[in-house]
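Here is the structure we will look at, set down as structure tokens.
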Amino acid sequence: ARDQVVRAQKLEAVGQLSGGIAHDFNNILTTIIGSAHLAGLDADEGSDLAGEIEQIDIAARRAQNLVRELLTFARREPGQLKAVDLSEIAREVTRLMRASMPPTIKLNCARSAPVVVLGDPTHLHQIVMNLCRNALEAIGADDGIITVSFSSVDTPTGLPQRDGGWVQLQVHDNGSGMSEETRSHLFEPFFTTKPLGKGSGLGLAVVYGLVQDMGGQISVDSQRGDGSCFSILLPGSSEQALSEAKARGDLPRGSE
Ligand code: ADP
Ligand code: MG
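Start counting the sequence shown at 372; every next residue gets the next number (the UniProt record's numbering).
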């Protein structure tokens, strides 16, 4: 109960912050980035000055990402539930991520037939993206493998039986794993073990909220030094519902 109070207080703090300053802050950062760019035009290529200006740009962009995460977190749209192919969304995410990944890390997305769930496509995109990003960061500079997989579960414990069944999404990595201490704070807003400027501690709080909104469940299996596996249960739907949704023009994001 105390955890819930702390969580609610943090959520309220985020809400106030976003309402008050996050938006203005974003505008300020845009000015900083713009001015740094202009200053960079006058600096000699390869000079110390050009290097310093680039640092300003990098730091300001990091701050902008953080503000963006705060805004998404605080002003979470309710989302629209419809039949979507989760494997299509996951492939889209993995394709995007591979473009900026070191070649030492493999990102596999198991898939054959469509995996239809009842969810909001933009939110599902965010869920898969946040989990894969964490997996990538847990592997760091080492070799590693991230695997995204799906399976169907008829009646998971703790969830009601439904006609469409349940779909389980798993994101597995062989990265650092986590301590029990970390595991117990995982979904709290602002909880991070990453250095300042690297982690916001909002990724999993966002995932947790979105999964709740869809009526699903999230769990994690992880040991320090032994990698992690995040499992998410989401309400399933039928391929027929998927083709009906597509016929209405409800295409998942990125497939237009
Ligand atoms: P952030 O990534 O900004 O730190 P998150 O909410 O995404 O915030 O994650 C919170 C913390 O949970 C991370 O700082 C890390 O300690 C831990 N964590 C999340 N995913 C993993 C993972 N796949 N492997 C190991 N630790 C993880
Ligand atoms: Mg994260």
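No residue lacks a Cβ here, since even glycine has one placed at the ideal position from N, Cα and C. Note that this is a predicted model, so its numbers are computed, not measured.
(message) Let me confirm a value: L567 is counted as buried when at least 16 other C-beta atoms fall within 10 Å, else exposed. Which label applies?
(response) Residue numbering aside, residue 567 sits at position 196 when the sequence shown is read from its first letter. It is exposed - the Cβ of L567 has fewer than 16 other Cβ atoms within 10 Å.
(request) Within its chain, find whatever has a CB closer than 7 Å to the CB of Q532; leave out the 5 residues flanking it on each side and keep chain order. (result) What you label residue 532 is simply residue 161 of the sequence shown in a count that begins at 1. Cβ neighbours of Q532 beyond the five flanking positions: T526.
(message) Check whether the stretch 540-548 and the stretch 497-512 are in contact - that is, three or more C-beta pairs closer than 8 Å.
(response) Judged by Cβ distances under 8 Å, the stretch 540-548 makes contact with the stretch 497-512, as three or more pairs qualify.
(message) Suppose the cutoff is 6 Å on Cβ atoms and the five residues either side in sequence are ignored; what does the same chain contact list for S520 look like?
(response) Working through the sequence shown from its first residue, we reach residue 520 at position 149. A481 and Q541.
(message) Please give the ranges of any alpha helix (DSSP H) in the stretch 530-565, keeping only runs that are unbroken, at least 4 residues long and fully inside the region.
(response) For the stretch 530-565, whole alpha helix (DSSP H) runs of length 4 or above, ordered along the chain, are 551-556.
(message) Taking only three categories from DSSP, how would you classify P492?
(response) Within the sequence shown, the letter at position 121 stands for residue 492. Here P492 carries a helix assignment [DSSP, helix/strand/coil].
(request) Take L452 as the anchor and find which of V464, L489 and L441 has the nearest alpha-carbon. (result) Here residue 452 corresponds to residue number 81 of the sequence shown, with the count starting at 1. Residue L489 holds the alpha-carbon nearest to the alpha-carbon of L452 among V464, L489 and L441.
(message) Let's test the definition: count the other Cβ atoms within 10 Å of the Cβ of R392 and tell me whether it reaches 16, buried, or not, exposed.
(response) For this step, residue 392 is matched to residue 21 along the sequence shown. Strictly speaking, residue 392 in this sequence is Ile, with Arg absent from that position. With fewer than 16 other Cβ atoms within 10 Å, it is exposed.
(message) Using a 10 Å radius around the Cβ and a threshold of 16 neighbouring Cβ atoms, would you call A454 buried or exposed?
(response) Translated into the one-based positions of the sequence shown, residue 454 becomes position 83. Using a 10 angstroms sphere on the CB of A454, the tally of other CB atoms reaches 16 or more, which defines it as buried.
(request) Within 10 angstroms of the Cβ of Q426, are there 16 or more other Cβ atoms? Answer buried if so, exposed if not. (result) If you number the sequence shown from 1, residue 426 lands on position 55. With fewer than 16 neighbouring CB atoms inside 10 Å of its own CB, Q426 falls in the exposed class.
(request) For the beta strand (DSSP E) holding residue 347, just list the boundary residues, first then last. (result) Missing from the structure shown is residue 347; the chain here goes from 372 to 627 and no further.
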